[in-house]
Amino acid sequence: MYKELEFKNWNELKNFLSTLNSNWIFRGQENYAWKLRSAIDRVDFSTEIKNPKSRYEKFCIYDFQRNPHLYNKEYNTENEFQILSLLQHYGIPTRLLDFSASPYVSAFFVINDDDTDAAIYAINYHELLSSTLHLFRSKYNDQSDAVVKYSQGNGISQNEIFKELVLGKTQRKFVEIVQPYFLFDRIIQQNGVFLCQGDINFEFEESLSANHEILQNLSNCNPYYKIKINKEWKKEITRDLFTMNITSSSLFPGIEGHLKSLKNKFEIFMEDRGSSLMQQQ
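For what it's worth, this note's numbering labels the leading residue of the sequence shown as 1, then goes sequentially.
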C-alpha cells in the first residue's frame with residue numbers, strides 16, 4: 001500500500017521533503033517495523049462482547065458528557081468529535097491518529113531510540129478527501145443527507161456529519177483528515193491534525209486500504225509514502241531540529257517538555273565538548 005522510500009542521508013531526505021506541497025501530512029514512528037495503528041487498535045480487548053471497541057468508545061463519550069461539573073473549563077459536551085479530540089489529547093485510547101503538517105515535527109518523534117531504524121509516514125490528505133467521498137458515493141452507495149453535506153465541503157468533523165458517518169449504526173471502512181474546532185496548545189505547537197478511521201472494528205491500516213483501493217482505480221496514484229530513517233542519522237536530526245527550535249520545550253508546553261528539552265541540550269553540549277577535546281589532541 002505504501003511506496004517505501006530510502007535516501008542516502010538526512011540532507012537528501014530533506015531535499016525530497018522540500019518538494020512536497022502543503023497537501024501532505026506526516027507522522028514519525030520510532031520503529032520502521034511498526035504499522036500505523038490508532039491507540040484503540042493497540043488495546044487488547046480480550047472479551048467475547050460484540051464490537052468491544054465501539055462499546056468502549058461510547059462509554060468514554062457518555063462518561064465525559066455526564067460529568068462536566070468535574071472540569072475546570074467549559075467544554076461542549078454535545079459535540080462527540082470534540083470530546084474524542086480531548087480524550088486523545090489526554091492519552092485516552094481513541095480512533096484518532098496524530099499527524100502533523102510539518103515533516104520536521106514528525107521527525108522529532110523518531111529520534112529517541114538510537115537502536116532501530118525509524119519511519120516517517122507521508123499522506124496526501126487532498127487525495128484522501130477525494131477517495132473518501134468516492135467511497136461513500138460509489139462503493140457504499142450512500143446518498144444520505146450527511147453524505148450530501150459532506151460532499152458540499154462540510155468537513156466530517158462537523159458534529160452532525162461525524163455522528164452519522166463515523167459513529168452511526170452503519171459502520172464503513174475509510175480514513176479521513178479531521179481537526180477540532182477548539183485547538184489545544186499541543187496541537188497548535190505541533191501543527192497537528194488527526195486522521196480518523198471509520199469502522200474501528202477493523203484496524204487502522206485496513207480502513208486506510210479502502211481509500212487506497214479507490215485511488216488506485218481512479219488515477220493509479222500512490223499518495224502514501226513510508227520513508228525510512230536510518231538510525232545512524234538520529235543524532236544529526238536531533239541537532240538539526242534543535243536549530244529549528246523543534247524541541248520538547250516548543251512542542252510540549254510546560255515543565256515536562258522543558259526538562260526533556262534540557263536533556264537534549266545536554267547531549268548536544270557533551271557531543272560538542274567531546275569533538276572539541278578530540279581536536280585539541
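Think of the CB as a built atom: it goes at the ideal place given N, C-alpha and C, for glycine as much as any other residue.
Every value quoted in this text rests on a predicted model; they were computed, and no experiment measured them.
For Glu205, collect the residues of the same chain with a Cβ closer than 6 angstroms to its Cβ; drop the 5 residues on either side in sequence, then sort them by chain order.
Lys35, Leu36.
Output yes or no for whether 8 angstroms exceeds the beta carbon distance between Leu96 and Ser38.
yes
Please state whether DSSP places Asp117 in a helix, a strand or coil.
In the three-state scheme derived from DSSP, where H, G and I count as helix and E and B as strand, Asp117 is classed as coil.
In chain order, what are the residue ranges of uninterrupted beta strand (DSSP E) at least 3 long that sit wholly in the region 168-211?
175-178, 192-197
For Met1 and Ser209, the rounded distance between their alpha carbons
7 angstroms
Please classify Ser8: does DSSP put it in a helix, a strand, or coil?
Checking the sequence, you will find Lys at residue 8 rather than Ser. When secondary structure is reduced to three states using DSSP, Lys8 falls in the coil class, being assigned neither helix nor strand.
What residue does the alpha helix (DSSP H) around Gln82 start on, and which one ends it?
80-89
With DSSP as the reference, identify every bridge partner of Trp333, one or two as the case may be.
As displayed, the chain neither begins before 1 nor continues past 281, which places residue 333 out of reach and without an answer.
Since I believe Arg55 is in contact with Lys49 (beta carbons under 8 angstroms), could you give me their beta-carbon distance rounded to a whole number of angstroms?
Here the sequence assigns Ile to residue 49, which means Lys is not the residue at that position. With a Cβ gap of about 6 angstroms, Ile49 and Arg55 count as contacting.
Host alpha helix (DSSP H) of Tyr251 (start-end)
Per the sequence shown, residue 251 should be read as Leu rather than Tyr. That run of the alpha helix (DSSP H) goes 248-251.
Going by the beta-carbon positions, is the gap between Val105 and Ile227 smaller than 8 angstroms?
no
Sequence-distant residues of the same chain with beta carbon closer than 8 angstroms to Glu160, five excluded per side
Ala146, Lys149
What residue range does the alpha helix (DSSP H) around Ser100 cover?
Unbroken run through Ser100 is the beta strand (DSSP E), 96-100; no alpha helix (DSSP H).
Which partner residues of Lys228 appear in the DSSP bridge assignment?
Paired residue(s): Ala119.
Can you name, in chain order, every residue of its own chain whose Cβ lies under 7 angstroms from the Cβ of Tyr90, other than the five neighbours on each side?
none
Could you give the distance in angstroms between the alpha-carbon of Met278 and the alpha-carbon of Glu127?
Only weak support exists for where Met278 lies, its pLDDT of 39 falling under 50; the coordinates are left without a value.
Under a Cβ-count criterion, where at least 16 other Cβ atoms within 10 Å of its own Cβ denotes burial, should Gly192 be classed as buried or exposed?
The C-beta of Gly192 has 16 or more other C-beta atoms within 10 Å across all chains shown, which makes the residue buried.
In angstroms, rounded to a whole number, what distance separates the CA positions of Ile177 and Gln171?
Spanning the two alpha carbons is a distance of roughly 17 angstroms.
Is it buried or exposed, Thr47, if we count other Cβ atoms within 10 angstroms and call 16 or more buried?
Exposed: under 16 other Cβ atoms inside 10 Å.
The alpha helix (DSSP H) that contains Val148, what's its start and end?
Per DSSP, the continuous alpha helix (DSSP H) segment holding Val148 begins and ends at 145-151.
To which residues of the same chain is Phe194 closer than 6 angstroms at the C-beta, ignoring the five residues directly before and after it?
Leu96, Val178
Quick one: using the 10 Å Cβ neighbour count with 16 as the cut-off for buried, is Ile200 buried or exposed?
buried
Excluding sequence positions up to five away, which residues of its chain have a Cβ less than 6 angstroms from the Cβ of Trp24?
Ala122, Asn124
CA-CA distance, Lys139 and Glu164?
17 angstroms
As a quick exercise: from Tyr32, Asn21, Phe16, pick the residue whose alpha carbon is nearest that of Ile229.
Closest option to Ile229, Cα to Cα, is Tyr32.
My output table needs one value for Gly274: the three-state DSSP class, helix, strand or coil.
Summary for Gly274: the model assigns pLDDT 49, below 50, so the residue's position carries little reliability; its value from the coordinates is reported in the next sentence. DSSP places Gly274 in helix when its eight states are reduced to three.
Quick check on DSSP: helix, strand or coil for Gln158?
Gln158 falls in the coil class under three-state DSSP.
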